[in-house]
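In this note's numbering, the protein residues as written are 2 to 343.
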Ligand code: NAD
Ligand code: WQD
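Written out as structure tokens, the structure reads:
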């Protein structure tokens with residue numbers, strides 16, 4: 002694919018920063034748009050240090066600020082957009098749904114309108130396996146039924162619909178909706194990784210903080226699920242594999258006439274106890290955990306059928322659970338307080 006200028010919304014965040022590294026290494030020019038509500042500019046400095054001499058611009062603006070976004074398009078004239086910016090905490094979305102709809106849904110509407118005005122109609126969007134709701138059947142294919150059980154999930158469904166509608170309404174749009182399964186791990190360098198604010202909601206960052214001594218013990222939410230060991234099963238995917246999936250999607254955009262969805266997962270299910278065991282092996286000692294009741298809204302099992310990504314994008318995940326744990330652990334040890342350590 003010819004090198005081009007890519008606008009990365011949310012590029013200072015966890016998945017966005019890893020994707021910036023892959024884009025820059027592939028020779029693209031990158032412009033990040035982020036308001037740093039859930040991230041740090043240190044992440045972008047680290048990205049620059051990983052790819053010296055590469056072109057990485059940064060605009061600290063809110064995606065909902067249409068005038069500011071318009072200005073970025075006028076100045077930068079991007080060829081394509083990778084859209085990561087958004088709020089992502091499921092529990093919080095139940096408490097402050099309107100903020101989720103504003104940031105995620107309205108923010109994307111602003112972006113699409115401005116892309117339309119500037120005739121920049123190539124978009125890769127960060128969707129989620131959450132759009133499959135409580136799956137009747139696994140593995141999940143792109144044609145599995147869609148549903149949502151919380152405002153965060155509904156915001157992703159609305160955005161997917163908005164993308165499909167705009168792509169039908171006029172010709173020239175090429176949109177890929179990437180449905181991520183559970184991203185974990187960090188860059189091999191230990192320089193960039195996931196930096197949750199406060200107490201982590203997700204399994205991997207919580208467990209890494211147990212390993213580092215910051216938290217006492219993992220609470221395993223439910224050991225009575227209909228799964229081999231009774232704990233929840235998910236499709237964990239290394240964030241660098243995920244980042245490379247975006248490059249594959251970007252290079253396929255020209256083959257997309259309209260809008261389509263692609264799962265990015267490994268196809269392998271891992272239970273909570275298997276994750277605890279894998280990280281314990283990497284750390285070299287058992288990690289404290291105790292069982293508690295199921296977390297409301299959680300599902301038993303969720304993993305991808307990654308066939309479409311392989312056939313359509315020519316992409317598949319390469320990094321296994323041990324690499325996810327080893328790289329996550331390196332990041333945690335080098336940055337015990339995330340980017341605030343710097
Ligand atoms: P993240 O919070 O680390 O990154 C999101 C970035 O968007 C942050 O840098 C944040 O500051 C920025 N942002 C938020 N609101 C903004 C606004 N109004 N204007 C400009 N920037 C704004 O999250 P992540 O894990 O990197 O997730 C990236 C995307 O992938 C999100 O859309 C998320 O919903 C989606 N996703 C994440 C996961 C996951 O488990 N991490 C799974 C599936 C999908
Ligand atoms: C994984 C497993 C928990 C924490 C969420 C969102 C989803 C997507 C990714 C964005 C489950 C168990 C967890 C803990 C535990 N985000 N667990 N103790 O719930 O699969 O997905 O993040 O799109 O939309 O819902 O990920 O990491 O929270 O949980 O036992 O302290 O770990 O019950 O089985 P989940 P998770």
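Don't be surprised by glycine CBs; every beta carbon is placed ideally from N, CA and C.
Check	Outcome
Could you tell me whether the Cβ atoms of residue 171 and residue 329 are closer together than 9 Å?	no
Restricting to Cα atoms, I'd like to know which of 215, 313 and 278 is closest to residue 333.	215
Kindly provide the ranges of any beta strand (DSSP E) runs that are 3 or more residues long and lie completely inside the segment 180-254, ordered along the chain.	183-185, 219-222 and 237-239
Sort out for me which residues DSSP pairs residue 290 with in a bridge.	219
From this set, 99, 6 and 18, which residue's C-alpha is nearest residue 156's C-alpha?	99
Within its chain, find whatever has a CB closer than 7 Å to the CB of residue 204; leave out the 5 residues flanking it on each side and keep chain order.	273 and 276
For residue 55, collect the residues of the same chain with a Cβ closer than 6 Å to its Cβ; drop the 5 residues on either side in sequence, then sort them by chain order.	25
Is the segment 226-238 in contact with the segment 259-267, if contact means three or more CB pairs nearer than 8 Å?	yes
Would residue 129 pass as a contact of residue 154 if the rule is Cβ separation under 9 Å?	yes
Checking 9 Å against the spacing of the C-beta atoms, do residue 20 and residue 84 come in under that value?	no
Suppose only complete runs of 4+ residues qualify. What are the alpha helix (DSSP H) ranges in the segment 4-62, listed by chain order?	15-26 and 42-51
If I measure Cβ to Cβ from residue 249 and keep anything under 7 Å in the same chain, skipping five residues before and after, which residues do I get?	314, 315 and 316
Between which two residues does the beta strand (DSSP E) containing residue 124 stretch?	123-129
Kindly examine the ligand NAD and report whether one of its heavy atoms sits closer than 8 Å to the Cβ of residue 63.	yes
With residue 192 and residue 207 assumed to form a contact (beta carbons below 8 Å), what rounded beta-carbon distance in angstroms separates them?	So it is not a contact: roughly 22 Å between Cβ atoms.
Less than 9 Å between the beta carbons of residue 7 and residue 32, yes or no?	yes
With a threshold of 8 Å, establish whether the CB of residue 215 neighbours any heavy atom of the ligand WQD.	no
Tell me which same chain residues have a C-beta within less than 7 Å of the C-beta of residue 27, skipping the five on either side of it?	248
On the CB-based measure, 16 or more other CB atoms within 10 Å of its CB, does residue 230 come out buried or exposed?	exposed
Would you check if the distance between the CB atom of residue 199 and the CB atom of residue 296 is smaller than 9 Å?	no
May I ask you to check if the CB of residue 340 is nearer than 8 Å to at least one heavy atom of the ligand WQD?	no
On the DSSP letters alone, give me the boundaries of the beta strand (DSSP E) that residue 81 sits inside.	81-84
Would you list the residues sitting across from residue 265 in a DSSP beta bridge?	181
Using DSSP with H/G/I as helix, E/B as strand and the rest coil, what is residue 308?	helix
Return yes when at least one heavy atom of the ligand WQD lies under 8 Å from the C-beta of residue 278, else no.	no
By DSSP, does residue 141 sit in helix, in strand, or in coil?	strand
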